[in-house]
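Chemist:
There are 2 protein chains.
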Amino acid sequence: MADINSNAKIPPQNGAGEGATAAGAQPRDAEAAWDIIELLFFAYRDFVGDPDAVLLKYAFGRAHHRVLHFVNRNPGMKVADLLDILNITKQSLGRVLKQLIDQGFIVQKEGAQDRRQRLLYATAKGEALSLKLAHLQTERINRAFGELGPGAHEAARRFLTAMIDSDNREGVLRQIARADRAKTRG
Amino acid sequence: MADINSNAKIPPQNGAGEGATAAGAQPRDAEAAWDIIELLFFAYRDFVGDPDAVLLKYAFGRAHHRVLHFVNRNPGMKVADLLDILNITKQSLGRVLKQLIDQGFIVQKEGAQDRRQRLLYATAKGEALSLKLAHLQTERINRAFGELGPGAHEAARRFLTAMIDSDNREGVLRQIARADRAKTRG
DNA sequence: CAAAATATGTCAATATGGCTGACATAAATT
DNA sequence: AATTTATGTCAGCCATATTGACATATTTTG
Numbered sequence: 036m037a038d039i040n041s042n043a044k045i046p047p048q049n050g051a052g053e054g055a056t057a058a059g060a061q062p063r064d065a066e067a068a069w070d071i072i073e074l075l076f077f078a079y080r081d082f083v084g085d086p087d088a089v090l091l092k093y094a095f096g097r098a099h100h101r102v103l104h105f106v107n108r109n110p111g112m113k114v115a116d117l118l119d120i121l122n123i124t125k126q127s128l129g130r131v132l133k134q135l136i137d138q139g140f141i142v143q144k145e146g147a148q149d150r151r152q153r154l155l156y157a158t159a160k161g162e163a164l165s166l167k168l169a170h171l172q173t174e175r176i177n178r179a180f181g182e183l184g185p186g187a188h189e190a191a192r193r194f195l196t197a198m199i200d201s202d203n204r205e206g207v208l209r210q211i212a213r214a215d216r217a218k219t220r221g
Numbered sequence: 036m037a038d039i040n041s042n043a044k045i046p047p048q049n050g051a052g053e054g055a056t057a058a059g060a061q062p063r064d065a066e067a068a069w070d071i072i073e074l075l076f077f078a079y080r081d082f083v084g085d086p087d088a089v090l091l092k093y094a095f096g097r098a099h100h101r102v103l104h105f106v107n108r109n110p111g112m113k114v115a116d117l118l119d120i121l122n123i124t125k126q127s128l129g130r131v132l133k134q135l136i137d138q139g140f141i142v143q144k145e146g147a148q149d150r151r152q153r154l155l156y157a158t159a160k161g162e163a164l165s166l167k168l169a170h171l172q173t174e175r176i177n178r179a180f181g182e183l184g185p186g187a188h189e190a191a192r193r194f195l196t197a198m199i200d201s202d203n204r205e206g207v208l209r210q211i212a213r214a215d216r217a218k219t220r221g
């Protein structure tokens with residue numbers, strides 16, 4: 036045990052929250068978190084694995100999936116917004132975006148106020164594919180929540196949110212909420 | 036936090052209200068699961084982002100990280116086991132593994148019973164790097180659990196486990212348990 | 001208005017980390 | 001002795017990421 040955390044550091048934070056558990060819970064948790072590292076690896080691997088088979092038939096990769104997903108969720112988003120979300124360079128985005136546009140999954144429209152902007156929209160074809168892929172993932176998620184208790188969804192949401200960089204967190208939540216509105220009311 | 040999804044959806048699927056309990060848990064969440072898709076994306080992005088900066092200084096990538104992590108967690112594992120876990124080809128593994136070996140992070144030893152096998156072990160240097168990287172991730176995890184209540188760890192573990200392909204699930208859990216033993220008793 | 005900043009696109013070169021196919025070697029199994 | 005297994009390796013291809021430089025249109029600013 037000693038060689039795992041090597042006493043390098045016992046996080047002194049006991050944060051807000053109910054239990055807080057003070058210092059008592061730390062020694063065990065420092066090590067217990069290892070299971071989360073590995074579970075996250077395997078869960079994410081399977082999670083993104085589902086759409087891959089479908090994407091193969093379109094000769095698309097995960098990059099296309101990500102772009103299509105966020106464009107579909109945020110109709111009219113700017114290229115710059117997409118770059119921020121994906122954390123890649125415009126050159127990297129350029130290739131996959133061009134393919135999606137050329138093949139009719141996404142269209143660009145000139146911004147109304149700012150005509151330099153190319154606002155992105157999923158076409159009907161693009162939305163169909165995006166939903167098809169998302170469906171595979173929501174199936175997995177809902178199956179998981181079906182196996183677990185009623186509070187599982189909220190617990191997962193809180194956990195995942197807490198795992199995001201705190202500086203990004205607000206932006207991410209805002210972005211998700213905005214997309215929700217766009218798609219449910221749009 | 037509950038206001039994220041704003042409950043603004045109206046899938047006509049079933050009348051189950053807030054509770055939506057039962058093992059079936061046929062959620063009104065067919066759509067609500069979208070937030071999990073995106074939270075998982077952002078959480079995983081930040082989660083793997085932490086080690087990247089450190090890896091840069093060694094001219095290593097995520098592939099090296101994964102290999103080193105699992106070898107360190109499973110001392111004496113076979114190359115074939117690693118291939119199964121990572122789900123990649125031996126040619127892909129070969130490149131990164133060779134670099135890790137050449138630079139003294141991993142050593143190979145001939146199998147005792149079966150001398151064809153090359154059993155993999157992290158060196159002291161390798162273990163140090165592996166722990167350094169894992170530490171960044173456990174810090175994030177423990178910070179998250181610090182923000183959440185006392186049941187959060189168990190809930191996260193259950194959620195992530197349920198997200199894994201059911202055919203792999205047992206194997207993964209066995210592998211994690213085995214690694215735990217190897218490192219805590221070893 | 002002219003100059004500067006912004007949003008986007010594009011060309012070129014490079015790196016990483018996957019892949020397939022073919023072949024090699026040593027050791028175990030039949 | 002023949003076959004199978006565990007591993008390694010060569011060679012090449014593909015997808016996706018990077019940096020740097022430059023182009024174009026448009027908006028903002030001095």
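Residue numbers (this note's numbering), protein chains in the order written: chain A, 36 to 221; chain B, 36 to 221.
Backbone N, C-alpha and C define an ideal beta-carbon position, used for all residues, glycine too.
1. Under 8 angstroms, Cβ to Cβ, is there at least one residue of chain A near Ala197/B?
2. Taking all protein chains shown into account, decide if Pro185/B is buried (16 or more other Cβ within 10 angstroms of its Cβ) or exposed.
3. Once DSSP output is grouped into helix, strand and coil, what is the label at Ala94/B?
4. Since Asp81/B meets chain A, which of its residues come closer than 8 angstroms, beta carbon to beta carbon?
5. Does DSSP classify Gln61/B as helix, strand or coil?
6. Pick helix, strand or coil for Gln224/A, following the three-state DSSP scheme.
7. Should Ile211/A be flagged as near chain B, meaning a C-beta pair shorter than 8 angstroms?
8. Is the beta carbon of Leu164/A sitting closer than 8 angstroms to the one on Met112/A?
9. Can you find the residues in the same chain that come closer than 8 angstroms, C-beta to C-beta, to Glu145/A, ignoring five residues on each side of it along the sequence?
10. For Thr124/B, count neighbouring C-beta atoms within 10 Å of its own C-beta (all shown protein chains included) and say buried if the count is 16 or more, exposed if not.
11. Quick one, which of Gly139/B, Ala98/B and Asn107/B has its alpha-carbon nearest Asn122/B's?
12. Examine chain A for any beta-carbon lying closer than 8 angstroms to the beta-carbon of Leu75/B, and answer yes or no.
13. Using a C-beta cutoff of 8 angstroms, does Thr56/B count as contacting chain A?
14. Starting from Ile176/B and walking both ways along the alpha helix (DSSP H), at which residues does that stretch end?
15. Does the separation of the CB atoms of Ala214/A and Asn109/A fall below 8 angstroms?
16. My assumption, with CB atoms under 8 angstroms, is that Ile176/B sits in contact with Ala78/A. Please give the rounded CB distance.
17. Determine the closest residue to Pro86/B out of Phe76/B, Glu73/B and His100/B, with distance taken between C-alpha atoms.
18. CB-CB under 7 angstroms to Gly139/B, same chain, minus the five flanking residues each way: which ones, in chain order?
19. If you draw a straight line from the C-alpha of Leu75/B to the C-alpha of Leu75/A, how long is it?
20. Beta-carbon within less than 8 angstroms of Leu128/B's beta-carbon, same chain only, minus the 5 sequence neighbours each way: which residues are those?
21. If you follow the beta strand (DSSP E) that Ile247/B is part of, which residue opens it and which one closes it?
22. Any Cβ of chain B within less than 8 angstroms of the Cβ of Gln172/A?
Modeler: In short:
1. Chain A contact via Cβ: present.
2. Note on Pro185/B: under 16 other CB atoms within 10 angstroms of its CB, so exposed under the neighbour-count rule.
3. Three-state DSSP puts Ala94/B in coil, outside helix and strand.
4. At a beta-carbon threshold of 8 angstroms, the residues of chain A lying near Asp81/B are Met198, Ile199, Asp200 and Asn203, ordered along the chain.
5. Only weak support exists for where Gln61/B lies, its pLDDT of 43 falling under 50; the coordinates are left without a value.
6. Residue coverage of chain A in this structure runs from 36 to 221, which leaves residue 224/A outside it and unanswerable.
7. Taking a beta-carbon distance threshold of 8 angstroms, Ile211/A counts as an interface residue toward chain B.
8. No. Outside cutoff.
9. Annotation for Glu145/A: Gln152, Arg153 and Leu154 place their beta carbon closer than 8 angstroms to its own, counting only its chain and skipping 5 residues before and after.
10. So Thr124/B counts as exposed.
11. Measuring from the Cα of Asn122/B, the nearest candidate turns out to be Ala98/B.
12. Among the CB atoms of chain A, one or more fall inside 8 angstroms of the CB of Leu75/B.
13. Reliability fails at Thr56/B, whose pLDDT of 38 lies under 50, so the model's placement of it is uncertain and the value that follows must be treated cautiously. Contacts with chain A at 8 angstroms (Cβ-Cβ) include Thr56/B.
14. Per DSSP, Ile176/B belongs to the alpha helix (DSSP H) from Ala159 to Glu182.
15. Yes.
16. Contact flag wrong, Cβ pair sits at about 14 angstroms.
17. Here the closest residue by C-alpha is His100/B.
18. The residues are Thr158 and Lys160.
19. CA-to-CA, the gap between Leu75/B and Leu75/A works out to about 10 angstroms.
20. Once the five neighbours on either side are set aside, the close Cβ partners of Leu128/B are Val102, Val114, Leu117, Leu118 and Leu121.
21. The displayed coordinates of chain B run from 36 to 221. Any statement about residue 247/B would go beyond what the structure contains.
22. Cβ-Cβ to chain B under 8 angstroms: yes for Gln172/A.
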